[in-house]
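Some notes on the structure that comes next.
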Amino acid sequence: MNLQKKLFWISLCFLIISCKKYLPKEDYPKEHYCEKFAGKYNMYDPVNDSFYDMICSCSINENELDDTIIFINYANRYNFEFQPGINGDEHISGLAGVIIYGLKDHSGNRTVFASGGFSNTPPRNILVGDSLYIFFSIDNLLYYVEDSVPWEACEDCLHYGVKVH
Numbered sequence: 017m018n019l020q021k022k023l024f025w026i027s028l029c030f031l032i033i034s035c036k037k038y039l040p041k042e043d044y045p046k047e048h049y050c051e052k053f054a055g056k057y058n059m060y061d062p063v064n065d066s067f068y069d070m071i072c073s074c075s076i077n078e079n080e081l082d083d084t085i086i087f088i089n090y091a092n093r094y095n096f097e098f099q100p101g102i103n104g105d106e107h108i109s110g111l112a113g114v115i116i117y118g119l120k121d122h123s124g125n126r127t128v129f130a131s132g133g134f135s136n137t138p139p140r141n142i143l144v145g146d147s148l149y150i151f152f153s154i155d156n157l158l159y160y161v162e163d164s165v166p167w168e169a170c171e172d173c174l175h176y177g178v179k180v181h
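Mapping of the sequence shown onto my numbering: residues 17 to 181, in sequence order.
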């Protein structure tokens, strides 16, 4: 009987020591809104039937409203950043309605860039699982003569891709 008591107490001590102490949910560090978009994406441009890589990174600030999303090679042409704000879980909310005049592409040519709004079919400016859908319009009408390039416009352009892990 004495041996059974010893084994019981040894087992109990081992069980207590080996138990993990889990933090309450509110004690876990909160993921910032823009972190879920950060990563490398293999994107597809259906208009030109081409694939390209795009990188999305996140600059985190103490106030989540001041976080910045940085796009490198957006639409295979642009690098820019913006502050998204918070509106939903998977929509790149601040990207809806963004208009950038004189946005330079990789060649240094300027255009007016306008990000599209939300829509349910197909999903636009949204991350679904690891799939990213981006919707935008570009038009270089204000700059094509001065930049000595052909006029170019794309209304309702939709590119989509998958996050690479």
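Every residue gets a Cβ at the ideal spot worked out from N, C-alpha and C, and that includes glycine.
Secondary structure at residue i, three-state DSSP: helix, strand or coil?
i	result
Val161	helix
Asn18	helix
Glu14	Here the chain has residues from 17 to 181 only, and residue 14 is not among them.
Ile88	strand
Ile32	helix
Ile76	coil
Ser66	strand
Do the CB positions of residue i and residue j come within less than 8 Å of each other?
i	j	result
Gly177	Met59	yes
Lys56	Ile71	yes
Ala54	Ser73	yes
Ile150	Asn141	yes
Asp69	Asn89	yes
Glu97	Ile115	no
Under the rule that 16 or more other beta-carbon atoms within 10 Å means buried, what is residue i, buried or exposed?
i	result
Tyr117	exposed
Leu23	exposed
Phe152	buried
List the whole-angstrom C-beta distance separating residue i from residue j, where the pair is believed to meet the contact cut-off of C-beta under 8 Å.
i	j	result
Val128	Leu158	6 Å
Asn156	Glu168	5 Å
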